[in-house]
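For the sequence shown, the numbering used here assigns the number 18 to the initial residue and increments by one for each residue that follows. Backbone N, C-alpha and C fix where the C-beta goes; we use that ideal spot for every residue, glycine too.
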Amino acid sequence: MLLACAAVVLVTAWYAGSRVPASAPAPAPGSVRLGPEPGEEVAAYLHRLPVELPAPGVEALALVQFAAELPAAAAVPAVAGTVPVTAVLRVPLPRVQTALRFEPLEQGAPVRAALDAARQRARETAAADAQRQTGRAAQVAAAEATALADPAAPCVLAVVVRAQRAGLDAVAARPGVRAVQAAPAGVTARELALAPLLPEQVERADPPPDDGPVPS
């Protein structure tokens, strides 16, 4: 009798467990790359982007990449009609490698105010880097912090936006927009690894030169 009862309990527990769907593992951060692959030919990268756009009526995240770094005031109309999610900030210095700084944008705030707040956070991070690092790296970070203190600084290299196909097509056709690459539908900002084209990357997505003088 005891063995029979134990068998019934085990079978019931197995059946109940088999009825509970296994939860899917959370996607890994940075598992979806937006931007060219290292060393990829720029022409080939730009050529493949249109087929990656979502179907009409489908919303997706996309990396809007500018031909040159823009002030916040100029970046706002470039992404009009979309929901900006993340800003990619970079201080352009001739023949000096500077950091890509990724700043989430406050949702619900005016886009200009959100970009300005992102610039200020990037300035604080650059200033902290200048204090923490030494040598050329510290000099570069200090130059970045100085440039980012200016609200009119041309520092917005790219913006991750959320939009449907029509909105992304409109953005891609605007002056100053170099490329728009969409992530697959359903991908979240957490899953993105961002590597936008740099203005000086004309033929291949190779590291830019780093042999120029750092502004004092």
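According to DSSP, is A39 helix, strand or coil?
Caution is warranted here: a pLDDT of 46 is assigned to A39, below 50, making its placement in the model unreliable, and the coordinate value is therefore given only provisionally. Residue state, collapsed to three classes: coil.
Looking at the unbroken beta strand (DSSP E) that takes in Q150, where does it start and where does it end?
Note, Q150: premise wrong, no beta strand (DSSP E); not H, not E.
Ignoring anything shorter than 4 residues or poking outside the segment 55-116, list the alpha helix (DSSP H) runs there in chain order.
59-65 and 89-95
Straight-line gap, T142 to Q148 (C-alpha atoms, nearest Å)
10 Å
To which residues of the same chain is R195 closer than 7 Å at the C-beta, ignoring the five residues directly before and after it?
Q82, F83, A84 and L214
Could you give the C-beta distance for L63 and V173, rounded to a whole number, given that I count them as a contact under 8 Å?
Their Cβ separation, rounded to whole angstroms, is 20 Å, which puts L63 and V173 out of contact at 8 Å.
Considering only C-alpha positions, which residue in the set E123, A91 and Q114 is nearest to P101?
Looking at the Cα atoms, E123 is the closest of the given residues.
In whole angstroms, what separates the C-alpha of D263 from that of A183?
Past the edges of the chain, shown from 18 to 233, lies residue 263, and the structure says nothing about it.
On the criterion of 16 or more Cβ atoms from any shown chain inside 10 Å, does E161 qualify as buried, or is it exposed?
buried
Local Cβ density within 10 Å of E217, reported as buried at 16 or more and exposed below that:
exposed
Which of the three DSSP states is assigned to A196 in this structure?
Here A196 sits in strand by DSSP.
Does the beta-carbon distance from T260 to R107 come in below 7 Å?
Nothing about residue 260 can be read from this structure; the chain reaches only from 18 to 233.
Take A30 and list the residues in its own chain whose beta-carbon comes closer than 8 Å to its own, dropping the five residues that flank it on each side.
Low confidence applies here, because A30 scores a pLDDT of 42, under 50, leaving its location unreliable; read the following figure in that light. Same-chain partners within the cutoff: there are none.
Return the first residue and the last residue of the beta strand (DSSP E) that R182 is part of.
Where R182 is concerned, there is no enclosing beta strand (DSSP E), although the alpha helix (DSSP H) it sits in stretches over R182 to A189.
Candidates L185, P171 and A170: closest to V177 by CA position:
If we check each option's Cα against that of V177, L185 comes out closest.
Just list the residues that DSSP pairs E120 with in beta bridges.
A104
List the residues that DSSP assigns as beta-bridge partners of R179.
L78 and V100
Identify whether L165 lies in helix, strand or coil by the three-state DSSP scheme.
helix
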